[in-house]
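Sequence order for the protein chains is A and B.
Here the first sequence is numbered in my numbering, starting from 10 and rising by one per residue.
Here the second sequence is numbered in my numbering, starting from 23 and rising by one per residue.
What follows is a set of notes on a single structure, which appears directly below.
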Amino acid sequence: MADQRKDNTVKKDKIIEIVNLTREFEDGVVAVDDISFYVRKGEFITFLGPSGCGKTTTLRMIAGFDKPTKGKILLNGEDISYLPPNKRPINTVFQRYALFPHLNVYDNIAFGLKLKKVKVTYEDKEGKRFEKIEKLSKAEISSKVEKALKMVDLEGFEKRSVSTLSGGQQQRVAIARAIVNEPKILLLDEPLGALDLKMRKDMQLELKEMHKKLGITFIYVTHDQEEALTMSDTIVVMKDGVIQQIGTPTDIYNEPKNSFVADFIGESNIFSGTIVGDKKVRFINHNFDCVDEFKINEKVDVVVRPEDVTLLDAGEGQVDGKIISSIFKGVHYEMVMRVGKAEIVIQDTIERKVGETVSLLIKPNDIHIMAKEFSSNKYDGYITKRNTVCFGDGEFECDVTQLYPGSILDEEGYLITAEGERIDLTDVDVEVEVGLKDIEISDDADKGGAIGNIVSMIYKVDHYQLIVRTDENEEDFVFDTEDTWNENDRVSVIIPKEKIKLSLKQEIKR
Amino acid sequence: MRNEKVISKQEYRPEVISKKSAFRFSRSSLCIPYGLFLALFVVLPLLLIVFYAFTDQSGAISFDNFIRFFTSATTLTTVIISILIALATTVICIILAYPVAYILARSNLNKGGTLLMLFIMPMWINFVLRAMAMKDLLTLIGVFGFNNYVNVVIGMVYDYLPFMVLPIYTVLIKMDKSYIEASMDLGANPVRTFTKVTFPLSMPGIASGITMVFMPTMTCYVISDTFGNGLITIIGKLIDEQFTTFQNWNFGSAMAMVLLVIMLVSMWVTGGFKSDDARGTNL
Chain A
10 MADQRKDNTV KKDKIIEIVN LTREFEDGVV AVDDISFYVR KGEFITFLGP SGCGKTTTLR
70 MIAGFDKPTK GKILLNGEDI SYLPPNKRPI NTVFQRYALF PHLNVYDNIA FGLKLKKVKV
130 TYEDKEGKRF EKIEKLSKAE ISSKVEKALK MVDLEGFEKR SVSTLSGGQQ QRVAIARAIV
190 NEPKILLLDE PLGALDLKMR KDMQLELKEM HKKLGITFIY VTHDQEEALT MSDTIVVMKD
250 GVIQQIGTPT DIYNEPKNSF VADFIGESNI FSGTIVGDKK VRFINHNFDC VDEFKINEKV
310 DVVVRPEDVT LLDAGEGQVD GKIISSIFKG VHYEMVMRVG KAEIVIQDTI ERKVGETVSL
370 LIKPNDIHIM AKEFSSNKYD GYITKRNTVC FGDGEFECDV TQLYPGSILD EEGYLITAEG
430 ERIDLTDVDV EVEVGLKDIE ISDDADKGGA IGNIVSMIYK VDHYQLIVRT DENEEDFVFD
490 TEDTWNENDR VSVIIPKEKI KLSLKQEIKR
Chain B
23 MRNEKVISKQ EYRPEVISKK SAFRFSRSSL CIPYGLFLAL FVVLPLLLIV FYAFTDQSGA
83 ISFDNFIRFF TSATTLTTVI ISILIALATT VICIILAYPV AYILARSNLN KGGTLLMLFI
143 MPMWINFVLR AMAMKDLLTL IGVFGFNNYV NVVIGMVYDY LPFMVLPIYT VLIKMDKSYI
203 EASMDLGANP VRTFTKVTFP LSMPGIASGI TMVFMPTMTC YVISDTFGNG LITIIGKLID
263 EQFTTFQNWN FGSAMAMVLL VIMLVSMWVT GGFKSDDARG TNL
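Written as structure tokens, this is what we have:
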């Protein structure tokens, strides 16, 4: 994925450039999947994502602890992908600090300095200049350590053993140990994760302050969206090893690229909507004006932040609904309003009582629309007497034995579990999942399990993504195909038996 | 009002527990068997040794046993020889065991602990048999016999090597990898990382290895008898002789007490490393 940032920075400003970086572990797990982005000099950039999203692996590859399977890491244009960590002008603040327990505070901080060699230019008696590679003198090291300790507010702690320090103090020593080497880039791997809330807030501001003072590039990793929003110049949101969005905190908060980002950053109401006209989107049974342009009939995710919903007296706004809960949160009330089946979270400073009918108003600017990203079709269904499954306005053959591992069907159609229990599956509620590549359609109405019209056909580089909508309940079947069809064709939907994934909604009472 | 009544009812407790049962089982009761065992098999024998050491064969209190010990040239040379053999064994064990433990802990060869198992497995065979077999093997390949002291040290090292490998291996395998990463991150190459981080951090393992090798080798006369062709006497042998051949329990007990003091001193010396980093590295 290419870098999505709007501005085009001049190339020399990029201190780190990551090109198609992939890391696949020995067990086949792809932690980082073909990501590309750059880091500007002096920037505070944060990788944000849930655990297992690949953010730490990316950081470890920049630090040199992990090697990429594919792709390159460029530092000032030079490929450093396979350079060992000790040869990189990069220092790390580790998640659990990794302070050396056998050394005191001073020696921990001086560790890097004692190894450092610098070029010193001398002049001999005849005025000839020559260069010598020398270690730093004791006095130099000492003054640098003092300076670093002062920076993190730990003067006088030199002789203390690191095990006697509190979490916050250890954190500061870890930061001092890294910055004392004057790295070009400082990597911070969830450095505040082990601190309590108050301490974390203080350290966030201090780190930000330090970043300003030092002027070096900070690459920060966190799963805490608030932390990312507070501290960063740029946020890289990651999920499943893939970059979801890159942008400033404001961009990411106000214009999330997809429902994942919207959901992960801040609180949000996410609706399933349909574009019904030019800059008009329909959700919760109302046509709202919006500012984003999408194709008519396109299924979209609509994101509305709780603080962007205004509550008015019944009948005065766009949609009426009932308040079903209200909690005082200090600055505002967090209320939940029910409209039909939907529950909408609203933050407002004026309280509305539970049970009150109110009307909501959402300004076009506050409606964020993003294309729906399908990974699979999900339906609610139930098992019939014949051990087929009904969902999406149709009936399909399926393999019910997958509901219980090791089970078989007897001649009468009962399921025998691995433990020998006999279960009647008739009318059992199930969740049905069908992949995008597992649906076929046919002109022959009798061939498939459900019948509908093709309502959308989107060309996606090498295939079409089709949506077939049924008449009765407007259920959608979304799938990829290489064949060309026409919109409004009436087709039947065929799903191979083995491609229908079933899971129980709840344990069956026996 | 109704609520208050309910609460007061709950607070009212009739005095059912007025008679305490004679024995209430608590977690500390689990200590009792161990305490009994300790008293019977550790404290009592120790007191007996002290008693015998400070009495003569008629049962009268005397310091003769100790005077005899520290004035006899034979006993003193035996103590010095024992200490030297134990020291040599320990040093050689460290030199041999560290690389082995390091390779076992770091390489992928030891997936599932197979290699480690191979190192520990000889310990399952009776060590007298093992020692005899080793002696015959060494004679066969011709490395055996040129110096009895060297032979004894070879035997001791062979027998006690696993006791050095295991604690070092345990420390290395438990060591947080982020220390090594931090060291590399701060600019240390792999050699520097080893000398400045890995090795100092594995000191507790070496210390417990020393206690597990140094002390037993001072007394393990089965090895010194087998490998020394009966010509090397260590302090353990001396004590044994007093108890079995000469039937002088008093002098034997006095020697055992001197040995105990030497061991306490050596423990105090190696314990100095452990207090730095009190991690559970003892096996």
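Beta carbons: idealized from backbone N, C-alpha and C, even for Gly.
- Residues of the region 201–221 of chain B with a C-beta atom less than 7 Å from some C-beta of chain A are Tyr201, Glu203, Ala204, Met206, Asp207, Leu208, Gly209, Ala210, Asn211, Arg214, Val219, listed in chain order.
- Scanning chain B for C-beta atoms nearer than 8 Å to the C-beta of Asn100/A yields Asp207, Leu208, reported in chain order.
- With its beta carbon at least 8 Å from every one in chain A, Asp158/B lies outside the interface.
- Only Ala107, Phe109, Pro110, His111 from the region 106–118 of chain A bring a Cβ to less than 7 Å from some Cβ of chain B.
- Below the 9 Å Cβ cutoff, chain A contributes Phe109, Pro110, His111 as neighbours of Leu223/B, in chain order.
- Taking C-beta separations shorter than 6 Å and ignoring five residues to either side along the sequence, the partners of Ile336/A in its chain run Glu343, following chain order.
- In this structure, Lys288/A sits near Asp298/A, with a CB-CB distance shorter than 8 Å.
- Taking 8 Å as the threshold, the shortest C-beta distance from Asp78/B to chain A does not fall below it.
- By the neighbour-count definition (other C-beta atoms within 10 Å, threshold 16), Val101/B is a buried residue.
- Within its own chain, the residues whose Cβ lies closer than 8 Å to the Cβ of Thr493/A, once the five positions on either side in sequence are excluded, are Tyr473, listed in chain order.
- A contact between stretches requires three or more CB pairs, one per stretch, nearer than 8 Å, and the region 133–151 of chain A fails this requirement with the region 176–187 of chain A.
- Residue nearest to Lys23/A within the set Gly121/A, Ile503/A, Tyr47/A is Tyr47/A (criterion: CA-CA distance).
- Taking C-beta separations shorter than 7 Å and ignoring five residues to either side along the sequence, the partners of Glu316/A in its chain run Gln356, following chain order.
- Taking 8 Å as the upper bound for CB-CB distance, Ile82/A and Ser90/A are in contact here, some 5 Å apart.
- Straight through space, the alpha carbons of Ile194/A and Gly86/A are spaced by roughly 15 Å.
- In this chain, Leu445/A is not harboured by any alpha helix (DSSP H), its DSSP state being neither H nor E.
- Lys288/A sits in coil when the DSSP states are folded into three classes, being neither helix nor strand.
- Annotated three-state conformation of Met247/A is strand, per DSSP.
- DSSP places Thr55/A in no alpha helix (DSSP H) but in the uninterrupted beta strand (DSSP E) bounded by 53–57.
- Spatial neighbours of Asp43/A in its own chain (CB-CB distance under 6 Å, excluding positions within 5 residues in sequence) are listed in chain order as Asn29, Thr31.
- Taking each of Ile504/A, His377/A, Ile25/A in turn and checking the Cα distance to Val441/A, the smallest one comes out for Ile504/A.
- Residue range 206–223 is occupied by the alpha helix (DSSP H) that includes Leu216/A.
- Between Phe103/A and chain B, the shortest Cβ-Cβ separation is below 8 Å.
- Contact annotation: the region 225–233 of chain B does not touch the region 244–259 of chain B, with fewer than three C-beta pairs closer than 8 Å.
- Per the coordinates, the alpha-carbon of Ala110/B lies some 38 Å from the alpha-carbon of Lys147/A.
- The residues Met156, in chain order, have a CB closer than 6 Å to that of Tyr180/B in the same chain once the five nearest residues on each side in sequence are set aside.
- With the rule of 3 Cβ pairs closer than 8 Å, the region 384–394 of chain A counts as touching the region 431–440 of chain A.
- With respect to chain B, the C-beta atom of Pro93/A has a partner C-beta closer than 8 Å.
- What Asn190/A touches in chain B, judged by beta-carbon distance under 8 Å, is Leu208, Gly209, going in chain order.
- DSSP places Gly429/A in the coil class of the three-state scheme, outside both helix and strand.
- Of the candidates Gly177/A, Val290/A, Ser501/A, the residue whose Cα lies closest to the Cα of Ile305/A is Val290/A.
- Of all alpha-carbon atoms in Glu507/A, Gly444/A, Phe400/A, the one lying nearest the alpha-carbon of Glu484/A is that of Phe400/A.
- Neighbourhood of Asp262/B in chain A, by CB distance below 9 Å: empty, with the nearest CB roughly 42 Å away.
- For the region 120–148 of chain A, the residues whose beta carbon sits under 7 Å from a beta carbon of chain B are, in order, Phe120, Gly121, Leu124, Lys125.
- Residue environment analysis places Asn87/B among the buried positions, since at least 16 neighbouring C-beta atoms fall within 10 angstroms of its C-beta.
- Using a Cβ-Cβ cut-off of 8 Å, Ala72/A counts as an interface residue toward chain B, since at least one Cβ of chain B sits closer than that to its own.
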